[in-house]
Structure formats: structure tokens, C-alpha cells
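Visitor: If you read the protein sequences in the order shown, they are chains F and U. Using our numbering, read the first sequence as starting at 452 and increasing by one per residue. Using our numbering, read the second sequence as starting at 24 and increasing by one per residue. Here it is, the structure, as C-alpha cells.
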Amino acid sequence: MAEAQNIPVGSTTAGSIAVAAESTVATRMSAPPSFDVGDFPVPHGREEEWRFTPLERLRGLHDGTAVATGDGVKVVVEAPEGVLVETVGRDDARLGRAGTPADRVAAQAYSSFDKASVVTVPKDTVLTEPIRIAVHGEGGVAYGHQVVELGAFAEAVVVIDHTGDALLAANVDYLLGDGAKLTVVSVQDWDDKAVHVAQHNALIGRDATFKSFVVTFGGDLVRLHPRVAYAGTGGEAELFGLYFTDKGQHQEHRLLVDHNTPHCKSNAVYKGALQGDDAHAVWIGDVLIQAAAEGTDTYEMNRNLVLTDGARVDSVPNLEIETGEIAGAGHASATGRFDDEQLFYLMSRGIPASEARRLVVRGFFAELVQQIGLPDVEERLLAKIETELEASV
Amino acid sequence: MATLEIRDLHVSVDTENGTKEILKGVDLTVKQGETHAIMGPNGSGKSTLAYSLAGHPKYTITSGTVTLDGEDVLEMSVDERARAGVFLAMQYPVEVPGVSVSNFLRTSATAIRGEAPKLRTWVKEVKSAMEQLQMDPAFAERNVNEGFSGGEKKRHEILQLELLKPKIAILDETDSGLDVDALRQVSEGINRVRENGEVGTLLVTHYTRILRYIKPDYVHVFSAGRIVESGGAELADKLESEGYASYTKGGASE
Ligand SMILES: Nc1ncnc2c1ncn2[C@@H]1O[C@H](COP(=O)(O)OP(=O)(O)OP(=O)(O)O)[C@@H](O)[C@H]1O
Ligand SMILES: [Mg+2]
Chain F
452 MAEAQNIPVG
462 STTAGSIAVA
472 AESTVATRMS
482 APPSFDVGDF
492 PVPHGREEEW
502 RFTPLERLRG
512 LHDGTAVATG
522 DGVKVVVEAP
532 EGVLVETVGR
542 DDARLGRAGT
552 PADRVAAQAY
562 SSFDKASVVT
572 VPKDTVLTEP
582 IRIAVHGEGG
592 VAYGHQVVEL
602 GAFAEAVVVI
612 DHTGDALLAA
622 NVDYLLGDGA
632 KLTVVSVQDW
642 DDKAVHVAQH
652 NALIGRDATF
662 KSFVVTFGGD
672 LVRLHPRVAY
682 AGTGGEAELF
692 GLYFTDKGQH
702 QEHRLLVDHN
712 TPHCKSNAVY
722 KGALQGDDAH
732 AVWIGDVLIQ
742 AAAEGTDTYE
752 MNRNLVLTDG
762 ARVDSVPNLE
772 IETGEIAGAG
782 HASATGRFDD
792 EQLFYLMSRG
802 IPASEARRLV
812 VRGFFAELVQ
822 QIGLPDVEER
832 LLAKIETELE
842 ASV
Chain U
24 MATLEIRDLH
34 VSVDTENGTK
44 EILKGVDLTV
54 KQGETHAIMG
64 PNGSGKSTLA
74 YSLAGHPKYT
84 ITSGTVTLDG
94 EDVLEMSVDE
104 RARAGVFLAM
114 QYPVEVPGVS
124 VSNFLRTSAT
134 AIRGEAPKLR
144 TWVKEVKSAM
154 EQLQMDPAFA
164 ERNVNEGFSG
174 GEKKRHEILQ
184 LELLKPKIAI
194 LDETDSGLDV
204 DALRQVSEGI
214 NRVRENGEVG
224 TLLVTHYTRI
234 LRYIKPDYVH
244 VFSAGRIVES
254 GGAELADKLE
264 SEGYASYTKG
274 GASE
């Protein structure tokens, strides 16, 4: 079921459900996935995967001119006992197994990183404390690679926190063994000038559960590409996202869920609030149900709340079904406006304007924030939302 | 005793063809405990009066005064007016996605009362008010007015009236879109608030049927942006039998 309503001027909310013999998600890309940056032409901006992204603001990540500097990012991993934390070289066999770079910048990152970080939670290890990965930008240019691997029946929560200023392109691999449970919270709390482009690859083992929260507040340009594929039947992916796009920011989330295996589930819910001139949020939700993926159950939803004039949303859910033998498939996308009439209504009940706005935005995000299950992260997010709102009035 | 005084109020709106004057000199005094019915044909400016009193930004006051106990209402922001005791039950209540009714009611009661109501008594207060209005408790968890039927929206407005206990209640066509049962239940809600004698009520309506349940002390006929006749409850009977024809003749409503 597709729905679109109340779309602010200048925004698009498009959706499609295609029943196709051949995937168009794959053919829409300018080149097939590859680890080698040389396999991708330098984008011009009209390519399907780049058409929403202001290339000039990538500051050379896309055309090979951004050269890594010594003061790129500092990565600090804090892990509870029982977790193996390693820094490894380019040739380590554990890199790149969860997925292959799908666009030029991801391939550039894979071709350019120097050292990778590998975090391993051994088989049957159930963590009670989260693993915290702090990625702090020191103002330079960096290419990164991060691997998080859970052995069979291991359980872990990983919080990846991005702060500071950097020009960063990276790939992150999540490998889930059979029956493993991984929750990842990736917070993009960058300074105003930061540029962050990353591909997240999750490969979900048999009966394993992957839950991810992608939370984007900061940066000049953030473009994330979370991708999910299944290594066995019974896998489940819950992909939650929350973004607050301010004046001048470009925040782009491009999801791809590849149902390549029977009897797997996916559920994606991304919500964004926008405010200020030239705030631009892009959400692409590609869900592919391959011919072999019988019994698939999938749903994806994107909601946007536009708080002021001058902001723009492009929301494109895209569901491709190659088999009729599925349990369920659906998508929804809606962009609504917090308008003067709503503000008037709340104020006419004695609620001051700033609080009215807060009430609406908190309410809008509440269902997602509450699901994170980490009180310190939840509180920080709510506080962040308040700060962003105060900046607007 | 709370008194709302409207003096020679002129209000205009911006249209594509320039500004258009809608209210052309309204004079009215509403005291605590009184009920005034304002009746008039479609387009005569009733809602404009209601919204102007609440401070809707679409309407520009070009001249005249509105005071509540001597305080200049027109100087106040929308939320200040509400906290000063002015309540508007809207003809078309607005949907507010993402905000639950319970959260909305509590935030609003906190703002109006100046402190957060004690949770235990508050929950009871809301529950019993909803019961009296025959509102399903499930509404508390729904988003404000989202997907509510016309009648449900009106009940929700009166629920707020009961909880917020204003000094001056402006009820804009609260009766429209209600079936007979709903009209009775909503009227009973309004009467419960009136009976405590602390509210001055401005009942805006097109039809006389709500006046069977709510007895006005004064009836004013509104036409072409001003009050053209005032009287007691008997004036409503005259309107019932004769309609508005005698007031709108001669193109009075343009
Ligand atoms: N933006 C606008 N542009 C032009 N005319 C307007 C605008 N807003 C209101 N009006 C006009 O003002 C007049 C008064 O409208 P108002 O809604 O106050 O009437 P009303 O008495 O409440 O009518 P009803 O009984 O239909 O509710 C109408 O003629 C309406 O068309
Ligand atoms: Mg009206």
C-alpha cells in the first residue's frame, strides 16, 4: 500500500511496487558492485544513485581528489570483557565479507583505507554491556573500514558515535552468525562542516536478528547506505532511522534489503524532521524479493515532518517482487507539514509556540526513540532534538 | 467577575484582490455566568469574530478594542489569551499528527493552570470527563483529531472546555455535524461547565436546535459583519420561524 499526503511544495514522495522478472534496482546503478574504485566511473550527478546528492559538497570523495590526511578520524573502541578488538591491515581475510561496495565512494573507501578495526564477539557470548565505538573527526580526510562480527548465538549491542569534523568515507560490515542477535546504534552527531559517506553491510545468519538504529543529526552532508542480505533462512532485520535535518544540511539514507533467501523478515521505519532553508533529506528504500525468497515478510516506511518553509524531502520507497509466494510486503511514505493551523490550535490551548513545536517533534519521534532500549542514548537523542528545536526559534 | 468587552471591532483578511473587511464594528459584552448566542447566516463573519478573539494570525484587527477584565486581549499572543481564560472550540478542529490526546490535554492543562496537575487526580479527571461525553477511552492514545469523525472532534473540543475551565468560552458551531444523541451529550457537557457559573459563553450557531438544550440569556443576530439585532431567548424563536431573510435583504452580506 502506497500513500502520500500533504506534500510540501518542492518535495517529492514517490513510490512504486514493481513485479519484475529482472531486478531494476541492480540495473539502475551505474556499475555492478566492486571492491575496486576503478570499476566505477566518476559520477556527474545524473546517475540514479547520485541524482539527489550535491556532488560538489563531497569535496572530492567521489572523484579521487580527496587524499587521506594524518588527522582524519580517531577511532576508540571500548568493549566489555570477552570481546576481541583488533586493528588489522588491508589484507586481513575478514574484511569485505558482508557486502561489496555498491557505488564509487564506497569503493574509494575500500581502495583507500589503511587500517581496519575488527570487533569480534565469540560464539555463544552474550554481552550485558554495549560495545562503544567512538569515531571522532579531527578535521582531516579519512577512509575507514569497520567490521563487527558475532559468532553463532552471540548477543551484543554496539553504539557507534560519530562526532567532530571530518571528510570521511567508510564501509562497515556486520556479520551475524546463526542465531546471533546484534543491535547497532549509529549516531551521526557531527559538527556542521563534516562530510560522511558510508555503506553499511549486514549479512544475517540463519535465524539471526539484526536491529539497527541510524540516527543522523549533524554534518554538512551525510549519505549512508545501509544494506542487508541474508546468509540463511529465518533471519530478521529491523532497520530504524531518525534524522533531524537543519538549515543547509543534506542527509541521505539509502536502504537496500536484499531478500535473497526464503523465510526472512525485514521491517524498516525511518522518520525525519526538517527545518530551515535548504534542509534536504533523501530517503530511498529499495527492497528486493528475489525469486528464491519464498515466505518473505517485509514492510518499509518513511515519514517526514517538515517544520518550516524552504526544506525539501525526497522519499522513494521501491519494492521489487520476483516471487508471488510471500508472506507479506508493503511500503508507505508520507511527508507532512507542521503548519500554522496546527501551531494555532496548540497555542489556543495555552501552549507556547516553542513548546508546541517540541510536543509535535517529540511525539513524532517517540515511538522510535523508545525502542532503542539504551537510556543514555535515548536521553541524549531527546536532548539533541530539544537543542535542534531551540536553534530554530 | 470576568467580563469580555468587544468595542467597535473591525477585522479584515488578506485576499488575492487586496484586503477585505469582514467585521464592520462589533460591540458586545459577555460577563461571567452569561450565555450569549450569536446567530447568523453563512458567511456573515461569525467564525471571523471567534478566531479574531482567539488571535488567529490570518485576521487583521484594523480598529476597535477587546478587553478581558480591562486587560487588552488584542495585545496578547494566542497562548497568552488562552492562559488569560479565553477558550475557542473550533468549527473545524485541526489534526495534529504525532501528538496523543492524553499528552496534549496534559500539556495544555499544565500551561493553563500554571502547574502540572497531580497525575492521579488528573487521570481520574480525564477519564470521568471522557465518560460523561461518551468518548471511548481509546481516544486518549490517538493523535489529536487525526481521523476523528466530525462528531468526535466536537466532543474532543468540549472535553477540553471541561478540563480547561476558561473564563470565556467561544463555541463556534459546536452543534454542526452532530446527530441528535451527540448534540444532547455535547450540550450536556457545555451545560456542566455553565452550571458552575464561572464561564461566560459565546455560542456561535447557524441553527436554533442547540438552543433547545442550552438556554441563552441573550441572542444576537449577526449579519454582514456586525450585530444587527439583540434580544432575549425569544429572538431565537423568531429566527426559527422567519429565518434570516429579513436581515440579509438588500445585499447586506455583500
Ligand atoms: N481569505 C479569505 N479571502 C476572502 N474571503 C474570506 C477569506 N476568509 C474569510 N473570508 C470571507 O469572510 C466571510 C466571513 O466568513 P466566516 O467564516 O467568518 O463566516 P461564518 O459566519 O462563520 O460562516 P459559516 O456559517 O459558513 O461558518 C465569508 O464571506 C468568507 O468568504
Ligand atoms: Mg463559521
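Positions of the beta carbon are idealized from the N, C-alpha and C atoms, including for glycine. In this text the structure is predicted, and so the values were computed from the model without any measurement.
Any chance you could list the alpha helix (DSSP H) runs of at least 4 consecutive residues sitting entirely within the region 65–131 of chain U, in chain order?
Guide: Runs of the alpha helix (DSSP H) inside the region 65–131 of chain U: 69–77 and 101–107.
Visitor: With distances taken from CA atoms, which of F:T520, F:S805, F:K632 and F:D697 is nearest A688 of chain F?
Guide: The shortest Cα separation from A688 of chain F among F:T520, F:S805, F:K632 and F:D697 belongs to F:K632.
Visitor: Does any CB atom of chain U fall closer than 9 Å to the CB of F815 of chain F?
Guide: Interface residue, yes.
Visitor: Would you say L91 of chain U and A192 of chain U are within 9 Å of each other, going by their C-beta atoms?
Guide: No.
Visitor: Per DSSP, M24 of chain U is paired with what?
Guide: Partner(s): none; M24 of chain U has no beta bridge.
Visitor: Can you tell me the Cβ-Cβ gap for F668 of chain F and D643 of chain F, rounded? I've got them flagged as a contact below 8 Å.
Guide: Not quite, the Cβ-Cβ distance comes to about 11 Å (not below 8 Å), so this is no contact.
Visitor: Which residues in the same chain as E180 of chain U place their Cβ atom closer than 6 Å to its Cβ, once the five residues preceding and following it in sequence are excluded?
Guide: Correct list, in chain order: A112 and P116.
Visitor: Classify D37 of chain U as helix, strand or coil using the three-state DSSP reduction.
Guide: Three-state DSSP puts D37 of chain U in a strand.
Visitor: Kindly give me the distance between the Cβ atoms of G761 of chain F and D729 of chain F, rounded to whole angstroms, as I take these residues to be in contact under 8 Å.
Guide: With 8 Å as the limit, G761 of chain F and D729 of chain F qualify as a contact, their Cβ atoms being about 6 Å apart.
Visitor: Note down the Cα distance separating R541 of chain F from D522 of chain F, rounded to an integer number of angstroms.
Guide: Computed Cα separation, rounded: 19 Å.
Visitor: Would you mind sorting E830 of chain F into buried or exposed? The rule is 16 or more other CB atoms within 10 Å of its CB.
Guide: Classification for E830 of chain F: exposed.
Visitor: Suppose only complete runs of 3+ residues qualify. What are the beta strand (DSSP E) ranges in the region 605–633 of chain F, listed by chain order?
Guide: If we require 3 residues or more, the beta strand (DSSP E) runs fully inside the region 605–633 of chain F come out as 606–627.
Visitor: Could you give the DSSP three-state label for E600 of chain F: helix, strand or coil?
Guide: Reduced to three states, the DSSP call for E600 of chain F is strand.
Visitor: Taking 6 Å as the limit between beta carbons, can you name the residues of its chain near G746 of chain F, skipping five residues before and five after?
Guide: Closer than 6 Å at Cβ, skipping near neighbours: P713, H714 and A778.
Visitor: Taking Cβ-Cβ distances below 8 Å as the criterion, which residues of the region 774–800 of chain F are in contact with chain U?
Guide: Result list: G787, D791, E792, Q793, F795, Y796, L797, M798, S799 and R800.
Visitor: For the beta strand (DSSP E) that contains I191 of chain U, what are its first and last residues?
Guide: Its beta strand (DSSP E) spans residues I191 to D195.
Visitor: Determine whether the Cβ of E806 of chain F lies closer than 9 Å to any Cβ atom of chain U.
Guide: By this cut-off, E806 of chain F is an interface position.
Visitor: Should K81 of chain U be labelled buried (16 or more other beta-carbon atoms within 10 Å of its own) or exposed?
Guide: Exposed, since its Cβ has fewer than 16 Cβ neighbours within 10 Å.
Visitor: How long is the line joining the alpha carbons of Y267 of chain U and L76 of chain U, rounded to whole angstroms?
Guide: Between Y267 of chain U and L76 of chain U, the C-alpha separation is close to 25 Å.
Visitor: Which residues, taken in chain order from the region 63–94 of chain U, show a beta carbon closer than 8 Å to some beta carbon of chain B?
Guide: Among the protein chains of the structure shown, namely F and U, there is no chain B.
Visitor: Should Y230 of chain U go down as buried or exposed, given a rule of 16 or more other Cβ atoms within 10 Å for buried?
Guide: The residue is exposed, with fewer than 16 neighbouring Cβ atoms inside 10 Å.
Visitor: Which residues in chain U have a C-beta closer than 9 Å to the C-beta of L810 of chain F? List them in chain order.
Guide: V119, G121, V122, N126, F127 and T130, listed in chain order.
Visitor: Does the Cβ of E196 of chain U lie closer than 8 Å to at least one heavy atom of ligand 2?
Guide: Yes; taking the cut-off as 8 Å, the Cβ of E196 of chain U has a heavy atom of ligand 2 nearer than that.
Visitor: Is there at least one Cβ from chain F nearer than 9 Å to I250 of chain U's Cβ?
Guide: False, the Cβ-Cβ gap to chain F never drops below 9 Å.
Visitor: When burial is assigned at 16 or more other CB atoms within 10 Å of the CB, is L194 of chain U buried or exposed?
Guide: Answer is buried; the Cβ neighbour count reaches 16.
Visitor: Near R678 of chain F, which residues of its chain fall below 6 Å by C-beta distance, leaving aside the five closest residues on each side in sequence?
Guide: G550, N652 and L707.
Visitor: In three-state terms, what does DSSP make of E218 of chain U?
Guide: Three-state DSSP puts E218 of chain U in a helix.
Visitor: Can you tell me whether F691 of chain F is helix, strand or coil according to DSSP?
Guide: Strand.
Visitor: Measure the alpha-carbon distance for A453 of chain F versus N755 of chain F and round it to whole angstroms.
Guide: Reliability fails at A453 of chain F, whose pLDDT of 36 lies under 50, so the model's placement of it is uncertain and the value that follows must be treated cautiously. Spanning the two alpha carbons is a distance of roughly 15 Å.
Visitor: Kindly indicate which residue of F:E600, F:A742 and F:S562 has the alpha-carbon position closest to the one of D629 of chain F.
Guide: D629 of chain F has its Cα closest to that of F:E600, out of F:E600, F:A742 and F:S562.
Visitor: Using a C-beta cutoff of 9 Å, does L434 of chain F count as contacting chain U?
Guide: Because chain F spans 452 through 844 in this model, residue 434 of chain F falls outside it and cannot be assessed.
Visitor: Looking at P505 of chain F and ligand 1, is the gap between the Cβ and the nearest heavy atom below 8 Å?
Guide: No.
Visitor: For the beta strand (DSSP E) containing T786 of chain F, name the first residue and the last one.
Guide: Counting along the chain, the beta strand (DSSP E) containing T786 of chain F begins and ends at G779 to R788.
Visitor: With DSSP collapsed to three states, give me the class of Q559 of chain F.
Guide: The answer is helix: DSSP assigns Q559 of chain F an H, G or I state.
Visitor: Any heavy atom of ligand 2 within a distance shorter than 8 Å of the CB on K176 of chain U?
Guide: Every heavy atom of ligand 2 is 8 Å or more from the Cβ of K176 of chain U, so no.
Visitor: If you run the structure through DSSP and keep just helix, strand and coil, what is Q208 of chain U?
Guide: In this structure, Q208 of chain U counts as helix in the three-state DSSP scheme.
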